[in-house]
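*Asks:*
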Amino acid sequence: MRSSHLLPQGLMQIGWCTLSCRFNQEEGVGDTPDSYAYDGNRVRKWNVTTTNYGKSWAAGDIVSCLIDLDEGTISFCLNGVSLGVAFSDISRGSGMAYFPAISLSFKESVAFNFGSRPLRYPVEGYRPLQDPPTAELLKSQRLLGYLKTVLSTGIDSQV
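Using this note's numbering, the first residue of the sequence shown is number 7, and each one after it goes up by one.
1. Which one or two residues does DSSP pair with valine 110 in a beta bridge?
2. Is there contact here, the region 30 to 46 with the region 120 to 137, by at least three beta-carbon pairs under 8 angstroms?
3. When the Cα of aspartate 5 is compared with those of Ala103, Leu144 and Val35, which residue comes out closest?
4. Does the pairing of the region 87 to 102 with the region 56 to 75 give three or more beta-carbon distances under 8 angstroms?
5. Please classify leucine 72: is it buried, with 16 or more other beta-carbons within 10 angstroms of its beta-carbon, or exposed?
6. When DSSP builds the beta bridges, which residues end up paired with lysine 166?
7. For aspartate 137, is the classification buried or exposed, using 16 other Cβ atoms within 10 angstroms of its Cβ as the cut-off for buried?
8. Could you spell out where the beta strand (DSSP E) holding serine 94 opens and where it closes?
9. Just tell me which of Ala65, Asn30 and Trp22 has its CA closest to the CA of glycine 36.
10. Give every residue of the same chain whose Cβ lies closer than 6 angstroms to the Cβ of histidine 34, excluding the five residues on either side of it in the sequence, and list them in chain order.
11. Hey, could you find the ends of the beta strand (DSSP E) cysteine 83 is sitting in?
12. If contacts are defined as beta-carbon pairs under 8 angstroms, then tyrosine 127 and asparagine 85 qualify, I think. What distance do you get, rounded to the angstrom?
13. Taking the straight line between their C-alpha atoms, what separation do you get for phenylalanine 82 and aspartate 74?
14. If serine 94 and threonine 79 are in contact, beta carbons under 8 angstroms, what's the gap, nearest whole angstrom?
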């Protein structure tokens, strides 16, 4: 899951893609196989072909992009309200990975939050791409730091 704070003025398609996608001036996210996008300006979803989907977005809106690789679905939320499943039975398989992707018109602007800051509209059952460190991880890092200090002190005193 990721959230995007929009400052749209023109065309913008936001979603997910795989490494096999090759984009250019005419083809962006959702225009190629294995890329999936939502466009709130034109109120459409894109995966090679396009159909009506979602609601119109405006500057300052927050879009959450949700991918469920167990179920094979991609969904979007606008300001915390689900727009429903946009794509089902997405391509999956061994060695396949999805990455956040966006196509913008000239002078478009967007701010992303992959989870380094608390999400304004978290969605139950989904985790941010960048989970904040857990207490256990922080304790482990502290312990490793202590161990490193002890080991380096022991080595220095033997020299």
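We treat Cβ as the ideally placed atom computed from N, Cα and C, and that holds for glycine.
*Replies:* Taking the geometry as given:
1. Indexing the sequence shown from 1 puts residue 110 at position 104. Note on residue identity: the sequence assigns leucine, not valine, to residue 110. The partner list for leucine 110 (beta bridge, DSSP) reads Met18.
2. no
3. Only positions 7 to 165 of the chain appear in the structure, and residue 5 is not among them; the question remains open.
4. yes
5. Counting from 1 along the sequence shown, the entry for residue 72 is found at position 66. Buried is the call here.
6. Examination of residue 166 is not possible in this model, given that the chain is present from 7 through 165 alone.
7. By one-based count along the sequence shown, residue 137 stands at place 131. That one is exposed.
8. As a position in the sequence shown, residue 94 is number 88, starting the count at 1. Run containing serine 94: 87 to 94, per the beta strand (DSSP E) assignment.
9. Translated into positions along the sequence shown, residue 36 becomes position 30. Nearest option by C-alpha distance: Trp22.
10. On the sequence shown, residue 34 is found 28 positions in, with the first residue counted as 1. Correcting the residue type first, residue 34 is glycine in the shown sequence and not histidine. Result list for glycine 34: Gln19 and Ser109, in chain order.
11. Here residue 83 corresponds to residue number 77 of the sequence shown, with the count starting at 1. Run containing cysteine 83: 79 to 84, per the beta strand (DSSP E) assignment.
12. Counting from one through the sequence shown, the residue named residue 127 turns up at place 121. Counting from one through the sequence shown, the residue named residue 85 turns up at place 79. About 7 angstroms; that satisfies the 8 angstroms criterion.
13. Sequence index remark: in the sequence shown, residue 82 carries index 76 (1-based). Sequence index remark: in the sequence shown, residue 74 carries index 68 (1-based). Going by the C-alpha atoms only, they are around 11 angstroms apart.
14. Here residue 94 refers to the residue found at position 88 when the sequence shown is read from its first residue. Here residue 79 refers to the residue found at position 73 when the sequence shown is read from its first residue. Right, their Cβ atoms sit about 5 angstroms apart.
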